[in-house]
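S.K.: Can you keep this structure in mind? I'll have questions shortly.
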Amino acid sequence: MAKYRSLLLGCGARATEHVAVYADLPDLELVACCDLQPERVQHYQQTYGIPQGFTDYEEALRQVQPDIVHLVTCPGNRVWEAEVTAAAGVKAAIFEKPLAICPSDQAALRRAQASGLEIITNCQRRYFPQFRDGVLRQIVAEELGEVYLVRASCKSNCMAMGPHTMDLLLLLLGEEHPNEVWAMCHTINETEFQITHRAPESTFAQYWFPSGLRVFFDATPDALGTPGETSYWMHLHFDVLGSAGRLYLTQNAGYWYTRHGHAEPLYGPSSWDQQGYAGQRDFTAAVATHLDGGAPHLNRYELHQHAVDALLAAQASAYHGHKIACPASDFTDAQWLELRERLRRG
Ligand SMILES: NC(=O)c1ccc[n+]([C@@H]2O[C@H](COP(=O)([O-])OP(=O)(O)OC[C@H]3O[C@@H](n4cnc5c(N)ncnc54)[C@H](O)[C@@H]3O)[C@@H](O)[C@H]2O)c1
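Plus 955 on top of the position in the sequence shown (first one is 1) and you've got my numbering.
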């Protein structure tokens, strides 16, 4: 019998990848799903053989009393989601990214985590081997000499692919997090995913780290991404420059690094198609291991909260118009909204 019983909230496009891996997870059982749209609930129940279906999340929590919840919803309701999930006594909540789009989301998540809910962010690339096994971290820490500049970029707004990009940046840097940021933003686009992933259409930020490292972070439709890719979510690129070498990684192309003395760059894979399923499976299995008291989850809130802080601080800097300390603890929802209004006016 499975050790942990799970409930899925949100039966949309992305949830298929959360659900598919359950076939390979003996310690976990997906016992129920919930969506506001009954036809989606029915489709998930029939397609994946999920025993119970609901259209009311609080009712589902009451009846199912799950150990683990997958929150595969678009952002916009994170305060309520965090509060009712924590109040139901759920052990772990896997939230899809972006974990928080505004300061009050982050505050609610902090309260939920403090009340005993283990919050895990679905930035599953941490379970792709080149990240999980420390290959890239080791190159950055040991092969490049003194790392003095990083460029991290993605082709979409900073709450769409930005969470993945910032999350992996912090992993590459050994979980160091920035202490200052200076950012500029422009344009509000409210057409497609941007309706819910609310953020300036373009954000360009410089982050400073306690070690003196400077990072250029670019989340904008014309940022450097993966040549030939048309989907916004397939773009993710890093350049890491050190005194003795450099590393660059392009999603769906690979990673290369070279140091003084190498005749040719050394290559490794980076592929969504080849690594996506196993990454999501291992990410989900690791939640059970974490709850068992085994290896701490690589996407636990304790780590990911700093990625959220960094993304919000960039918007706080754009609001203030100058370099600020990171995290921006006094950034308010009212200021966040005012920045949006200013950008909307142009
Ligand atoms: N980690 C990744 O690689 C990755 C990839 C794609 C998308 N995502 C993220 O996944 C999230 C979901 O994306 P999607 O494309 O599946 O969205 P979607 O809109 O297709 O699905 C979300 C579903 O949640 C349901 N829902 C929302 N609030 C609800 C509530 N209170 N009660 C019941 N159901 C509710 C909606 O009805 C909808 O069916 C987004 O935040 C997106 O950024 C992550």
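Beta carbons: idealized from backbone N, C-alpha and C, even for Gly.
Would you identify the three-state DSSP class for Q1007, choosing helix, strand or coil?
M.R.: For the purposes of this step, residue 1007 is taken as the residue at position 52 of the sequence shown. Here Q1007 sits in strand by DSSP.
S.K.: So within the region 1106-1143, which uninterrupted beta strand (DSSP E) runs reach at least 3 residues, ignoring any that extend past its ends?
M.R.: 1135-1141, all fully within the region 1106-1143.
S.K.: Leaving out five residues on either side along the sequence, give the residues of the same chain with a beta carbon under 6 Å from the beta carbon of C1029.
M.R.: Position 74 of the sequence shown, counted from the start, is the residue given in the question as residue 1029. Within the same chain, C1029 has close Cβ partners T1151.
S.K.: Could you tell me which of Y977, V1242, L963 sits nearest to V1019, measuring between CA atoms?
M.R.: Here residue 1019 refers to the residue found at position 64 of the sequence shown. Nearest C-alpha to V1019: L963.
S.K.: Where G922 and C988 are concerned, what is the direct C-alpha to C-alpha distance, given to the nearest angstrom?
M.R.: The structure shown does not extend to residue 922, since the chain is modelled only from 956 to 1301, so the question has no answer here.
S.K.: Need the endpoints of the beta strand (DSSP E) that E1073 sits in, please.
M.R.: Position 118 of the sequence shown holds residue 1073. Looking at the DSSP string, the run of the beta strand (DSSP E) that includes E1073 is 1073-1076.
S.K.: Can you grab the Cα-Cα spacing for the pair N1254 / H1141, in whole Å?
M.R.: Within the sequence shown, numbered from 1, the residue matching residue 1254 stands at position 299. Within the sequence shown, numbered from 1, the residue matching residue 1141 stands at position 186. Roughly 30 Å between the two C-alpha positions.
S.K.: Buried or exposed for P1282, please, with buried defined as at least 16 other CB atoms from any protein chain shown within 10 angstroms of its CB.
M.R.: Along the sequence shown, read from residue 1 onward, the residue named residue 1282 stands at position 327. Buried, since its Cβ has 16 or more Cβ neighbours within 10 Å.
S.K.: How far does the beta strand (DSSP E) with A987 in it reach, from first residue to last?
M.R.: Mapped onto the sequence shown, residue 987 falls at position 32. Start and end: 983-989.
S.K.: Keeping to the same chain, check which residues put their C-beta closer than 8 Å to that of W1227; ignore five residues upstream and five downstream.
M.R.: The residue you call residue 1227 lines up with position 272 of the sequence shown. Within the same chain, W1227 has close Cβ partners M1189, Q1206, N1207.
S.K.: Which residues does DSSP list as the beta-bridge partners of C1192?
M.R.: Within the sequence shown, the letter at position 237 stands for residue 1192. The residue you asked about is not Cys; residue 1192 is His in the sequence shown. Paired residue(s): S1108, T1205.
S.K.: Any heavy atom of ligand 1 inside 7 Å of the beta-carbon of A1048?
M.R.: Taking the first residue of the sequence shown as position 1, residue 1048 is located at position 93. In terms of side-chain proximity, the C-beta atom of A1048 is found no nearer than 7 Å to any non-hydrogen atom of ligand 1.
S.K.: From I1075 to E1051, what distance separates their C-alpha atoms?
M.R.: Here residue 1075 is taken as the residue at index 120 of the sequence shown, counted from 1. Here residue 1051 is taken as the residue at index 96 of the sequence shown, counted from 1. Their backbone Cα atoms lie some 9 Å apart in a straight line.
S.K.: Give me the Cβ distance between W1137 and S1272, rounded to the nearest whole Å; I'm assuming they're in contact under 8 Å.
M.R.: In the sequence shown, the residue the question calls residue 1137 occupies position 182. In the sequence shown, the residue the question calls residue 1272 occupies position 317. In this structure, W1137 and S1272 form a Cβ contact; the two beta carbons are roughly 6 Å apart against a cut-off of 8 Å.
S.K.: Is the Cβ-Cβ distance between L1266 and G1117 less than 8 Å?
M.R.: Looking up residue 1266 in the sequence shown gives position 311. Looking up residue 1117 in the sequence shown gives position 162. Yes, Cβ-Cβ distance for L1266 and G1117 is below 8 Å.
S.K.: Hey, could you find the ends of the beta strand (DSSP E) A1047 is sitting in?
M.R.: Indexing the sequence shown from 1 puts residue 1047 at position 92. It spans 1047-1050 - the beta strand (DSSP E) in which A1047 sits, taken as one unbroken run.
S.K.: Could you check the C-alpha separation between L1204 and Q1000 for me, to the nearest Å?
M.R.: For this step, residue 1204 is matched to residue 249 along the sequence shown. For this step, residue 1000 is matched to residue 45 along the sequence shown. Taking the straight line from one Cα to the other gives about 39 Å.
S.K.: Do E1051 and ligand 1 come close, with the Cβ less than 7 Å from some heavy atom?
M.R.: Reading the sequence shown from its first residue, position 96 is the one you call residue 1051. Yes.
S.K.: Identify every residue that forms a DSSP beta bridge with H1025.
M.R.: Position 70 of the sequence shown, counting from 1, holds the residue named residue 1025. Beta-bridge pairing links H1025 to L963, I1049.
S.K.: CB-CB under 7 Å to P1053, same chain, minus the five flanking residues each way: which ones, in chain order?
M.R.: By one-based count along the sequence shown, residue 1053 stands at place 98. These residues qualify, in order along the chain: P1030, M1114, P1118, H1152.
S.K.: Under the rule that 16 or more other beta-carbon atoms within 10 Å means buried, what is H1319, buried or exposed?
M.R.: With the chain running from 956 to 1301 in the structure shown, residue 1319 is simply not present.
S.K.: Assign Y1222 to one of two classes, buried (16 or more other C-beta atoms within 10 Å of its C-beta) or exposed (fewer than that).
M.R.: Along the sequence shown, read from residue 1 onward, the residue named residue 1222 stands at position 267. Exposed is the call here.
S.K.: Got a sec? Which residues, its chain only, sit under 6 Å from H973 by beta carbon, not counting five neighbours each side?
M.R.: Locating residue 973 in the sequence shown gives position 18, counting from the first residue. Answer for H973: H1025, V1027, listed in chain order.
S.K.: DSSP three-state label for R1153, please.
M.R.: Counted from its first residue, the sequence shown places residue 1153 at position 198. It is coil, neither helix nor strand.
S.K.: What does W1211 pair with, by DSSP beta-bridge criteria?
M.R.: Residue mapping note: residue 1211 aligns to position 256 of the sequence shown, counting from 1. Paired residues: Y1203, Y1222.
S.K.: Smallest Cα separation from S1198: which of G1216, D1237, L1246?
M.R.: Here residue 1198 is taken as the residue at index 243 of the sequence shown, counted from 1. The residue with the shortest Cα to Cα distance from S1198 is G1216.
S.K.: Below 8 Å, can you find three or more Cβ-Cβ pairs linking the region 1074-1090 to the region 1175-1190?
M.R.: no
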